[in-house]
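Structure first, commentary second.
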Amino acid sequence: FEEYLKPRAAAGLADLVVTGVLPNASGLYRPDLLRLGGPGVPALHHAPAVDALLLSHAHLDHAGHLGFLDERIPTFCSPLCRGILVALAGSRGRDFESEFVDFRPRPAFPDRRGLSIPRRFELVEGRFQVGDLSCRALPVDHSMLGCVAFLIRTSRGNVLYTGDLRFHGPEAALSEAMLDAARAEGVWLLLAEGTRLDVAERRTEADVFEECLAAVRGASGPVIADFAPRDLYRLATFLRIARETGREMVILPQDAFLLKELLGMHPLVPDPKRPPIVILKERKMSGTYSEKDYQKWERSVLAFPTARTLDELKPVRDRLILALSFWDILNLVDLEVGADALYIRSSSEAHSEEQALDDRRLDNWLTLLGVTRRIQSHASGHAPQPDLVRMVQTLRPEVLVPVHTARPDLWDALVPEVRVVVPAPGATMVF
Ligand SMILES: [Zn+2]
Ligand SMILES: [Zn+2]
Numbered sequence: 003f004e005e006y007l008k009p010r011a012a013a014g015l016a017d018l019v020v021t022g023v024l025p026n027a028s029g030l031y032r033p034d035l036l037r038l039g040g041p042g043v044p045a046l047h048h049a050p051a052v053d054a055l056l057l058s059h060a061h062l063d064h065a066g067h068l069g070f071l072d073e074r075i076p077t078f079c080s081p082l083c084r085g086i087l088v089a090l091a092g093s094r095g096r097d098f099e100s101e102f103v104d105f106r107p108r109p110a111f112p113d114r115r116g117l118s119i120p121r122r123f124e125l126v127e128g129r130f131q132v133g134d135l136s137c138r139a140l141p142v143d144h145s146m147l148g149c150v151a152f153l154i155r156t157s158r159g160n161v162l163y164t165g166d167l168r169f170h171g172p173e174a175a176l177s178e179a180m181l182d183a184a185r186a187e188g189v190w191l192l193l194a195e196g197t198r199l200d201v202a203e204r205r206t207e208a209d210v211f212e213e214c215l216a217a218v219r220g221a222s223g224p225v226i227a228d229f230a231p232r233d234l235y236r237l238a239t240f241l242r243i244a245r246e247t248g249r250e251m252v253i254l255p256q257d258a259f260l261l262k263e264l265l266g267m268h269p270l271v272p273d274p275k276r277p278p279i280v281i282l283k284e285r286k287m288s289g290t291y292s293e294k295d296y297q298k299w300e301r302s303v304l305a306f307p308t309a310r311t312l313d314e315l316k317p318v319r320d321r322l323i324l325a326l327s328f329w330d331i332l333n334l335v336d337l338e339v340g341a342d343a344l345y346i347r348s349s350s351e352a353h354s355e356e357q358a359l360d361d362r363r364l365d366n367w368l369t370l371l372g373v374t375r376r377i378q379s380h381a382s383g384h385a386p387q388p389d390l391v392r393m394v395q396t397l398r399p400e401v402l403v404p405v406h407t408a409r410p411d412l413w414d415a416l417v418p419e420v421r422v423v424v425p426a427p428g429a430t431m432v433f
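Per the numbering used here, the sequence shown runs over residues 3 to 433.
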């Protein structure tokens, strides 16, 4: 799938199951979608096959398919995780693939337009219960707020799922506290992420701050900061740089909407109504900034005193840090950004052919606009090999099940004292 080749809502789950995007598992999916049938789609079930979904965080490689889950299965996650999903769904408009918090039953007949079924969330912090299983949500540091690891007590021993995590970010103390707590409880089986199991590099958010601060200090024109807008740690880094350099920080309406939804839930969430934040009012539809050009959720943040149009920003463009990515590049045309601009890429390298192609397009755009000063400065949301090995050595599990990694084969040599069992797609693991 890609931009113009999307799974068809009208085909229910068929496109997603045929491509293997969703596993062909029974008892998991929404009955209204299963009833639509299709090649390879599992048969309709009476009762769900699982009791609960434990969701570590709101990144889309974890939560992206939540909308397809049988609505009778409750999702256990942190309050911040749900807050982020609500904001994401609220600012994307309703589409088949972003029905994280509620959904329109299919087939979506016109007379059922207003009908939406809410998904059940159980917001957890610390200890909680799923049926007769005692569980614990343990907060960890990652490139998103509200991430947790899960510890589940079973009759055989404790199972720990790490979620995505790092030990070098602004809230590294959380990950260390998780390790202490899990070690104290004892871990029999460890489901460990290993995104960067083949990497030793350990650049921190503080490194990004120092590098970018120096670069922005040396810039005379506008600064374009290209980073994942939902990483509020990175946003905090650039807000600090904006304050230190007397600049304003321009963010998009969807980013402001996320801040509005999360305000008060974590000390790092800045108030989008206050400087140095500026909310960019882009040209849409009529091109005249008319109220009617914007959706309801957009109007809710564009009503803030910090909202400004591109025309209003143009005269002060040299005092701005613009949090924009490839997809928003055309705003730079309106701002008449040129040779005095600095472009900071503050995200990871391209992971796919498509992303590499987008990078080339971005390069071409920047060249066309005359932006020649470009730097790269990033710190990963994932722990590198030395920290992952230390984690396993600290927890001393009997069994290690590698997940979220392209290199599960590396674990054996790194922790020879632990039995490593690599999961296979579609196979049930029995211990
Ligand atoms: Zn993640
Ligand atoms: Zn992930």
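Even glycine gets a Cβ: it sits at the ideal position worked out from N, Cα and C. Computed from a predicted model, the values in this text were never measured in an experiment.
Taking C-alpha positions only, V225 is separated from C79 by approximately 36 Å. Rounded to the nearest angstrom, the Cβ distance from T206 to A381 is 5 Å, consistent with a contact under 8 Å. Beta-bridge pairing by DSSP links M431 to no other residue.
In the structure shown, T206 falls within a coil segment according to DSSP collapsed to helix, strand and coil. Straight across, the Cα-Cα distance linking R392 with H353 is about 26 Å. Remark: fewer than three beta-carbon pairs, one from each stretch, lie closer than 8 Å, so the stretch 261 to 280 and the stretch 331 to 340 are not flagged as touching. The stretch 153 to 171 makes contact with the stretch 185 to 198; the number of CB pairs closer than 8 Å reaches 3 or more. Scanning the stretch 212 to 288 from its first residue to its last, the whole beta strand (DSSP E) runs of 3-plus residues come out as 225 to 228, 250 to 253, 279 to 283. L15 sits close to L36, with the two beta carbons spaced by under 8 Å. Membership of V20 in the alpha helix (DSSP H) is indicated by the continuous run 16 to 20. Straight across, the Cα-Cα distance linking A358 with L368 is about 15 Å.
For L412, same chain residues with a beta-carbon under 7 Å away, outside a window of 5 residues either side, are L199, D200 in chain order. With respect to H406, G92 sits apart: the two C-beta atoms are not nearer than 8 Å.
The straight-line gap separating the alpha-carbon atoms of L337 and E250 is approximately 15 Å. Spatial neighbours of V103 in its own chain (CB-CB distance under 8 Å, excluding positions within 5 residues in sequence) are listed in chain order as R84, L87, V88, A91, P120, R121, F123.
Inter-residue distance for A227 and D166 is about 24 Å (C-alpha atoms, whole angstroms). In this structure, H67 has its CB at a distance of at least 7 Å from all heavy atoms of ligand 1. Contact between P33 and L46 is confirmed by a C-beta separation of about 6 Å, below the 8 Å threshold. When distances are taken from the beta-carbon of H61 to the heavy atoms of ligand 2, the shortest one is below 7 Å. DSSP lists V405 as the bridge partner or partners of E195. For H353, the CB stays at least 7 Å from every heavy atom of ligand 2.
Taking the Cα positions, A408 is about 11 Å away from V424.
Per the DSSP secondary-structure output, Y345 pairs in a beta bridge with I226, R376.
In the DSSP assignment, S136 falls within the unbroken beta strand (DSSP E) covering 135 to 141. In this structure, the alpha-carbon of K286 lies about 10 Å from that of K294. Around the beta carbon of S145, a 10 Å sphere encloses 16 or more other beta carbons of the protein chains shown; the residue is thus reported as buried. Set against 7 Å, the gap from the CB of G372 to the closest heavy atom of ligand 1 is not smaller.
Exposed is the label assigned to M431, since fewer than 16 other Cβ atoms lie within 10 Å of its Cβ. For A151, the pairing in a beta bridge is given by DSSP as L140. The beta carbon of A202 sits closer than 7 Å to the beta carbons of P386, Q387, P388 from its chain, once the five residues preceding and following it are set aside; these are given in chain order.
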